[in-house]
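J.:
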Amino acid sequence: MSAYVISEVDVRDATGFEAYRTIAAEAIAHYGGRYLVRGGAANAAERGPPPKTLIVVEFPSMERLREWYASPEYAEALRLRRTALDRRLILSRASRRCELTMERRASLAPGDIFAHSNALRC
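Each residue of the sequence shown is one higher than the one before, counting from 0 in numbering that gives the first Met the number 0.
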C-alpha cells in the first residue's frame, strides 16, 4: 500500500534550500518515491493560517518511505535542512487503495493528479 510524505516548508536560506531539494530529489527517486506536489500555489479552503510551501511525495510502501528517510543518501539533505528550512513533516499510509488507471496515469503531468480526480479508481 502506498505511503506519503506531506511536508509544509518555510524556507530560511534559498541557496541551502536548493541544495537540499537536489539531494532530496535524488534520494527520493532512488527509493521509488515520486513527487505529487512540489511547491506551487496553495490556498486554504477553510480556517487556519495560510499554507506554506507544500510538498507531497508518494512511496510504494511505508517500508520504502522509512528506508528513504533513514538512508545514507538522504542524510546529507537532512543535515542541510537544519539551516535551510523549517518544516512540518507528516508520514501517512494510504487508508485505502486508490490507483490511477495505467492509461490515465501515463497521460498526466506530475502535479496534475488532483486536477483530474476522475482519473482515480478507488
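Quick reminder that beta carbons are idealized off the backbone N, C-alpha and C, glycines included.
1) Suppose you measure from the CA of Leu-90 to the CA of Ile-5; what does that come to, to the nearest Å?
2) Is it buried or exposed for Gly-38, if we count other Cβ within 10 angstroms and need 16 for buried?
3) DSSP three-state call for Tyr-68: helix, strand or coil?
4) Spatial neighbours of Arg-81 within its chain, please: C-beta separation below 6 Å, excluding the five flanking residues on both sides.
5) Considering just the uninterrupted stretch of the beta strand (DSSP E) at Glu-45, what are its terminal residues?
T.: On the basis of the coordinates in this document:
1) Taking the straight line from one Cα to the other gives about 6 Å.
2) Burial call: exposed.
3) DSSP, reduced to helix, strand and coil, places Tyr-68 within a helical segment of the structure shown.
4) For Arg-81, where only same-chain residues beyond five positions count, there are no Cβ hits under 6 Å.
5) Premise fails: Glu-45 is in no beta strand (DSSP E) and is neither H nor E.
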